[in-house]
Amino acid sequence: MTAASTDDTSAAIRELGRQVAAGFLRPAAALLLASLGFGLLLALYYTPLAAQLNQLGLRLYLLRPLHTGAAMAWIYLAGMAMAQRWLFEHVAAHAPPDRALTRARRMAWRARLQQGLWIASALLATAAYATGHTSGREYLEYPPWLAIPILAGWLLFAANFIAATRFALGSLPVYAWMWGTSVLLFVTSFLEAQAWLLDVLRARPVRDMAIQWQAMGSLVGSFNLLVYGSLSWLATRLSADATYARSNTAWALFLVGILNSFTNYGHHTYHLPQGETMKWVSFVVSMSEIAIFAKVAWDCSGLARKWAGRGGWPVVSALLIATTAWTALQLLLALVISVPPLNVFVHGTLAIPAHSMGTLIGIDTMAMLAVGLWLAGERHGEQAQSPRPHIGGVVLANAGLALMWSALLWVGVESGLRMARIGTLPWAGTFPDWLGPSLLLAGILLLAGIGALVGPLLRKHPTRG
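The sequence shown begins at 1 in the working numbering and counts up by one.
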C-alpha cells in the first residue's frame with residue numbers, strides 16, 4: 001500500500017472509532033439525565049410530599065432501582081465509549097495496513113451489537129420496574145434473565161479488545177490494562193452476583209450477604225477501572241505525553257486499585273459473623289488507600305497551576321480539577337469508615353449514601369463528563385466554543401453535590417451518635433425538617449449544572465465551526 005492509501009485507511013478507522021464512541025455517549029448522557037430526574041423524585045421522599053408520590057404510583061422501591069441503575073449504566077456506557085475509541089486508535093496505528101480496515105469494521109459491528117444489547121436491556125429493565133416486576137435484589141432488581149444480554153455485551157467488548165491488541169500485553173500502557181482488567185473483573189463478579197439464585201445460598205443468608213457485598217464491591221471496581229483508564233488516556237491526549245501511562249507510579253496505583261476491588265467490601269460486612277482473618281485483610285488493604293490519598297492530596301496542591309495551564313479545553317480542565325478535589329474528600333471519608341470503631345457509628349446511616357453518591361457523582365461523573373466532552377469535541381472539531389456557560393454548569397453541579405454530600409453526611413453522623421447514645425436509628429419521617437428541601441435544592445442544582453454540560457454528548461452529527 002502507498003503512504004497515501006495507508007493514511008486514508010488510518011483516517012477511516014479513526015472515524016469509525018469516533019462513530020462507535022458517539023453511539024455509546026448518546027445513551028450514556030440520556031441515562032445520566034434520567035438518573036438525576038429520578039433522584040429528584042427520590043428527594044421528595046424526605047419531604048411531606050412522600051404520600052402524594054405513593055398515591056401516584058411512584059413508590060420508593062420502584063424509583064430507587066431506576067435511579068441507581070441509570071447512574072451505573074451512565075458510567076459503564078461512557079467508559080466504554082472511551083475504551084472503544086482507543087481500540088480503534090490502536091488498530092489504526094499498529095494493525096497491518098492491508099488488514100486494518102477489515103478488522104476495524106468487524107470491531108464496529110461488534111460494538112454496535114453491544115450497544116443494542118445494552119440499550120435493549122436498559123429499556124426492558126425499566127419496563128419491568130414500571131410494572132412492578134423486580135427481583136428484590138439490591139442493585140440487581142431487574143429480572144435475572146436480563147443478565148444474559150448484559151454479559152453478552154461485555155464478551156463482545158472483550159472480543160474487540162483481543163482483536164485490537166492481539167494479546168501483545170507487554171507493550172500496552174496502563175490504561176489499556178485497566179480496561180482489559182475491567183472486563184475480567186466484571187465478568188467474574190457479575191457471575192458471582194447471580195449466585196443468589198442457587199438454592200444452597202437461599203438457605204444460608206449470612207453467606208449470601210457476604211457474597212453479595214463482595215460481588216458488588218468488585219463490580220464497582222470494574223467501572224472504576226473503566227473510569228481510571230479513560231482518565232489516564234485523556235491525560236495522555238491533553239498533555240501529548242505518554243510518560244505517566246507507563247510510569248512505575250501508574251502501575252503501583254493500578255495494582256493497589258485491583259487489590260482494593262477484591263477486598264475493600266469488607267467494611268460493609270464487619271457486622272457479619274465471618275472469619276476475623278477476612279476482616280483484617282479488608283481493613284489492611286483499605287488502609288493501603290492512604291498511598292492513593294497522599295498522591296491525590298499532592299495533586300490537589302497544584303490545582304491552581306492546572307487551571308492556569310488549561311489550554312484549549314477549559315471545561316474539561318474544570319471537570320478534572322473537580323474530580324481531583326472530590327477524590328481527596330472521598331478517599332478521606334473511605335479511610336475513616338474503614339476503621340471498625342468508626343464504622344459502627346455510620347454504617348446503615350445516610351453517611352454511606354453520602355460516600356457512595358459523592359464518589360459516583362464527584363469522581364466518576366465529573367471524570368466521565370470530562371471524557372465525554374473531549375470525545376464530543378474531538379469528533380465535532382471543537383474545543384471550547386462559548387466556554388462560560390459550561391463553566392457555570394460545572395460550578396452549579398459541584399455546588400449541588402457539595403450541598404447534598406454535606407447534608408447526608410451530617411445527618412448520618414448525627415444518627416450514628418444517637419444510636420450510640422440510645423441504641424436506635426431514626427427511621428423515615430424522623431429526619432430533620434431541613435433535609436428534604438436541602439436534597440431537593442441539591443438535585444435541582446445538579447440537574448441544571450449537568451444539563452448545561454451534556455448537550456455535546458447528545459449531538460448526533462458532527463458540525464464543524
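For every residue, glycine included, the Cβ atom is placed at its ideal position computed from N, Cα and C.
None of the values given here were measured: they were computed from a predicted structure.
Output yes if chain C places a C-beta closer than 9 Å to the C-beta of residue i; else output no.
{"i": "residue 366", "result": "Looking for chain C here will not work: only one protein chain is present."}
Closest to residue i by C-alpha separation, out of the options, would be which residue?
{"i": "residue 404", "options": "151, 362 and 25", "result": "362"}
{"i": "residue 165", "options": "397, 70, 449 and 88", "result": "88"}
{"i": "residue 40", "options": "436, 459 and 261", "result": "436"}
{"i": "residue 471", "options": "216, 275, 239 and 237", "result": "This structure does not reach residue 471, given that the chain is present from 1 up to 465, and the question cannot be answered."}
{"i": "residue 400", "options": "220, 8 and 358", "result": "358"}
{"i": "residue 31", "options": "336, 328, 240 and 119", "result": "119"}
{"i": "residue 124", "options": "105, 144 and 221", "result": "144"}
{"i": "residue 149", "options": "314, 213, 341 and 187", "result": "187"}
{"i": "residue 246", "options": "219, 313, 278 and 173", "result": "173"}
{"i": "residue 472", "options": "34, 277 and 97", "result": "Residue numbering for the chain in the displayed model covers 1 to 465; residue 472 lies beyond these limits and cannot be assessed."}
{"i": "residue 71", "options": "130, 356, 458 and 332", "result": "356"}
{"i": "residue 155", "options": "25, 284 and 185", "result": "185"}
{"i": "residue 262", "options": "325, 418, 177 and 214", "result": "214"}
Around the C-beta of residue i, are 16 or more other C-beta atoms found within 10 angstroms, so that it is buried, or is it exposed?
{"i": "residue 115", "result": "buried"}
{"i": "residue 318", "result": "buried"}
{"i": "residue 141", "result": "buried"}
{"i": "residue 61", "result": "exposed"}
{"i": "residue 200", "result": "exposed"}
{"i": "residue 205", "result": "exposed"}
{"i": "residue 329", "result": "buried"}
{"i": "residue 117", "result": "buried"}
{"i": "residue 343", "result": "buried"}
{"i": "residue 277", "result": "exposed"}
Look at the Cβ atom of residue i, then the Cβ atom of residue j, and state whether they are nearer than 9 Å.
{"i": "residue 112", "j": "residue 23", "result": "yes"}
{"i": "residue 376", "j": "residue 273", "result": "no"}
{"i": "residue 136", "j": "residue 175", "result": "no"}
{"i": "residue 93", "j": "residue 10", "result": "yes"}
{"i": "residue 226", "j": "residue 191", "result": "no"}
{"i": "residue 109", "j": "residue 234", "result": "no"}
{"i": "residue 27", "j": "residue 127", "result": "no"}
{"i": "residue 473", "j": "residue 194", "result": "An answer regarding residue 473 cannot be provided, because it is not within the stretch 1 to 465 covered by the chain."}
{"i": "residue 440", "j": "residue 350", "result": "no"}
{"i": "residue 392", "j": "residue 450", "result": "no"}
{"i": "residue 79", "j": "residue 223", "result": "yes"}
{"i": "residue 183", "j": "residue 84", "result": "no"}
{"i": "residue 189", "j": "residue 219", "result": "yes"}
Have a look at residue i and residue j and give me their C-alpha separation to the nearest angstrom.
{"i": "residue 442", "j": "residue 54", "result": "22 Å"}
{"i": "residue 52", "j": "residue 38", "result": "16 Å"}
{"i": "residue 275", "j": "residue 282", "result": "11 Å"}
{"i": "residue 366", "j": "residue 390", "result": "13 Å"}
{"i": "residue 446", "j": "residue 396", "result": "7 Å"}
{"i": "residue 45", "j": "residue 415", "result": "18 Å"}
{"i": "residue 133", "j": "residue 180", "result": "34 Å"}
{"i": "residue 236", "j": "residue 73", "result": "25 Å"}
{"i": "residue 14", "j": "residue 67", "result": "34 Å"}
{"i": "residue 320", "j": "residue 232", "result": "11 Å"}
{"i": "residue 412", "j": "residue 337", "result": "12 Å"}
{"i": "residue 384", "j": "residue 64", "result": "Here the model assigns residue 384 a pLDDT of 45, short of 50, so the residue's position is not dependable and the matter cannot be decided."}
{"i": "residue 300", "j": "residue 244", "result": "Confidence is the limiting factor: at residue 300 the pLDDT is only 49, short of 50, which leaves the residue's position unreliable, though a coordinate-based value still follows. When rounded, the distance between both Cα atoms is 17 Å."}
{"i": "residue 107", "j": "residue 101", "result": "10 Å"}
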